[in-house]
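Residue numbers (the numbering used here): 98 to 212.
Note that beta-carbon positions come from the ideal geometry of N, C-alpha and C, so glycine has one too.
The next block holds one structure in the form of structure tokens; read it before the comments.
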Amino acid sequence: MQRILAADTAGHAGLKAHEYASYALAGATPVAIFSSKDSLLRKTADFAFSLAIPIHTHICMNAVVSDYIPRAARGPVRVGVLGMSVITYLGIMKMNLSGPGVTETVKGLWRRPQA
98 MQRILAADTA GHAGLKAHEY ASYALAGATP VAIFSSKDSL LRKTADFAFS
148 LAIPIHTHIC MNAVVSDYIP RAARGPVRVG VLGMSVITYL GIMKMNLSGP
198 GVTETVKGLW RRPQA
């Protein structure tokens, strides 16, 4: 459990998880942008985002906790970071499974509303 809570100091496994999450984000982004709506490629990219975003964010936010939070308060703050990472994962999965998906949701931010 300590490796998950203090993901930034988890050693080689934590670094590899962060590295692979970064690769997934870098690879899935152009696939998501240039694939057609409702294609298998777009759905695959959306599900890659559902794992990579929370993992990447969790590890990076734990690094922020290590740098800026006093040692006595790190435990509760890390539990909060883990909770937010789980909520982020569940929210993205809900968007992918019962909504338009991550890509269509983000693309919708740049679309003009229907008049």
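DSSP three-state assignment for residue i, whether helix, strand or coil
i, result
"Pro197", "coil"
"Ala160", "helix"
"Asp135", "coil"
"Arg209", "coil"
"Ala107", "coil"
Own chain residues within Cβ distance below 7 Å of residue i, not counting five before or after
i, result
"Thr154", "Ser182, Thr185"
"Met158", "Val178"
Of the residues the options, the one placed nearest residue i, counting alpha carbons only
i, options, result
"Thr200", "Leu148, Lys134, Tyr120, Val178", "Lys134"
"Val178", "Met190, Ala121, Ser163", "Ser163"
"Ser136", "Gln211, Trp207, Pro197", "Pro197"
"Asp143", "Ile156, Cys157, Pro127", "Pro127"
"Ile152", "Ala212, Arg208, Ala110, Ala169", "Ala110"
"Ser119", "Arg208, Gly205, Leu187, Ile156", "Ile156"
N-terminal and C-terminal residue of the alpha helix (DSSP H) that residue i is part of
i, result
"Arg100", "99–102"
Close beta carbons around residue i, own chain, < 6 Å, minus the five adjacent residues each side
i, result
"Ser147", "Ile189, Met190, Asn193"
"Ala121", "Ala145, Ala149"
Sequence-distant residues of the same chain with beta carbon closer than 8 Å to residue i, five excluded per side
i, result
"Val174", "Val162, Ile166"
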